[in-house]
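The next block holds one structure in the form of structure tokens; read it before the comments.
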Amino acid sequence: MRIDWDTVPEAPGMRPGAVRQWVAGEQVSLTRVVTRPDAVFDGRLHHHPHEQWLVMLAGELRLEIDGERFDVTTGDLVLFQPHTVHGAVGVGSEGAEYYEWFAPARYDGLPGYVGRSPPTWKERA
1 MRIDWDTVPE
11 APGMRPGAVR
21 QWVAGEQVSL
31 TRVVTRPDAV
41 FDGRLHHHPH
51 EQWLVMLAGE
61 LRLEIDGERF
71 DVTTGDLVLF
81 QPHTVHGAVG
91 VGSEGAEYYE
101 WFAPARYDGL
111 PGYVGRSPPT
121 WKERA
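Counting along the sequence shown from 1, when you hit position 29 you're at 29 in the UniProt record's numbering, and nothing is skipped either side.
Pasting the structure below:
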């Protein structure tokens, strides 16, 4: 099945300056995120029981995983193990575009989802 991103609606819940589109199958879900250079980052980190992979398509992004901060750029691949505290904490001057895979599939980001949201937010000290 071919997915045309131009037909996938924007999902709710992203930071100002970023757009997320979300698709899901039975076993895996995938998001496409486009973040502008002026996006607002509030420092909130989160964790969830899903394995998560991130593939950078364009630009630069600053991530934090379990207290370690690092930058990723076009072509980089990042693994977030289940239950690790993580989040995007900054973006480069050109913005960023990336895919995220989740396994098992997450449905809480799909437009119209009204069930309990599995991510747990962690406030920065």
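Ideal Cβ positions, reconstructed from N, Cα and C, are used throughout, including at glycine.
Small disclaimer: the values here were computed from a predicted structure and weren't measured.
Measure from the alpha carbon of residue 43 to the alpha carbon of each residue in 36, 23, 69 and 34, then state which is nearest. Closest option to residue 43, Cα to Cα, is 69.
At the level of alpha carbons, what is the spacing between residue 100 and residue 106? 11 Å
Compute the distance between the beta-carbons of residue 35 and residue 75, then report whether it is under 7 Å. no
Less than 7 Å between the beta carbons of residue 20 and residue 31, yes or no? yes
For residue 44, list the residues DSSP reports as bridge partners. Paired residues: none, contrary to the question.
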